[in-house]
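Asks:
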Amino acid sequence: MNGIFCIMMLLGLLYAAATGRADAAQRALLSGGGEAVALLLNLAGAYAFFGGLLGVLRACGAADALARAMEKPLSRLFRFAPGEEEALSDISLNLSANMLGLGGAATPAGISAMKTMARANPDGRASNAMILFLVVNTSSVQLLPTTMIALRAQAGAANPADIVLPTLLATAASTVCGVGICRLLAGWSA
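Just add 3 to the spot in the sequence shown (first one is 1) and you have our numbering.
(1) In chain order, which alpha helix (DSSP H) runs of at least 4 residues are fully inside the segment 82-134?
(2) Between the beta-carbon of residue 108 and the beta-carbon of residue 57, is there less than 8 Å?
(3) Output the distance between the C-alpha atoms of residue 6 and residue 86, rounded to the nearest integer angstrom.
(4) Do residue 140 and residue 187 count as a contact pair if the criterion is CB distance below 8 Å?
(5) Roughly how many angstroms lie between the CA atoms of residue 161 and residue 152, to the nearest whole one?
(6) Apart from the five residues on each side of it in sequence, which residues of its chain come closer than 6 Å, Cβ to Cβ, to residue 124?
(7) Look up residue 188 in the DSSP assignment and say whether it is helix, strand or coil.
(8) Quick test of your reading: residue 3 and residue 135, contact by CB under 8 Å. State the CB separation rounded to the nearest angstrom.
(9) By the DSSP assignment, the alpha helix (DSSP H) with residue 66 in it spans what residues?
(10) Is the distance from the Cβ of residue 157 to the Cβ of residue 104 below 8 Å?
(11) Using the Cα positions of residue 95 and residue 73, report the straight-line distance between them to the nearest angstrom.
(12) Does residue 147 come out as helix, strand or coil in the three-state DSSP assignment?
(13) So, is residue 4 buried or exposed, given that buried needs 16 or more other C-beta atoms within 10 angstroms?
(14) What is the DSSP secondary structure of residue 176, reduced to helix, strand or coil?
(15) Short of 6 Å in beta carbon distance, which residues of its chain neighbour residue 13, apart from the five on each side in sequence? Order them along the chain.
(16) Closest to residue 66 by CA distance: which of 101, 42, 11 is it?
(17) What's the gap between the Cα of residue 182 and the Cα of residue 46?
(18) In angstroms with no decimal places, state the Cα-to-Cα distance between residue 9 and residue 61.
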């Protein structure tokens, strides 16, 4: 991957030199570092805010309540092999954190869920439940797309949060499609 990146950079610089735009390329290279640092600081602030919000939600029990509320529908969605059902609480916690746009907080629960399901499948192959979890986790219904809100705020959007409803609809549709395809390919009944 590093080789591909280097080739792309070299081709871009050669093209800039050949077309007489080397000075613009140099300015872009030098200003890009500053813009990257500004973006990093903006995102760090947004993550600190939303991470604090998750802390408040956890302290008042709202995050756990959302995770518990999701367990029953998820138990119907996932058809676990024997021994895999222990992963349900981690799956629920992972998906609820992802819904709130807190992917960093969701990762440990997701890893724990996969490890639990992997222990129940000693042959080393992914079970249907593992595949479905990966698909649902990747398509991830977003109630609060925190990263996009932060990026839109930094870009100067008049209302950075106006992306919430379209994101919710798009991610819900992608999740429904992903679950449908998983069930179709796994030979499950709907």
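Here a beta-carbon is modelled for each residue, glycine too, at the ideal position from N, C-alpha and C. From a predicted model like this one, the values you see are computed outputs, not experimental measurements.
Replies: This is what the structure holds:
(1) 91-102, 106-122
(2) yes
(3) 44 Å
(4) no
(5) 11 Å
(6) 130
(7) helix
(8) In this structure the chain extends from 4 to 193, so residue 3 is not present and cannot be described.
(9) 65-80
(10) no
(11) 6 Å
(12) coil
(13) exposed
(14) helix
(15) none
(16) 101
(17) 31 Å
(18) 44 Å
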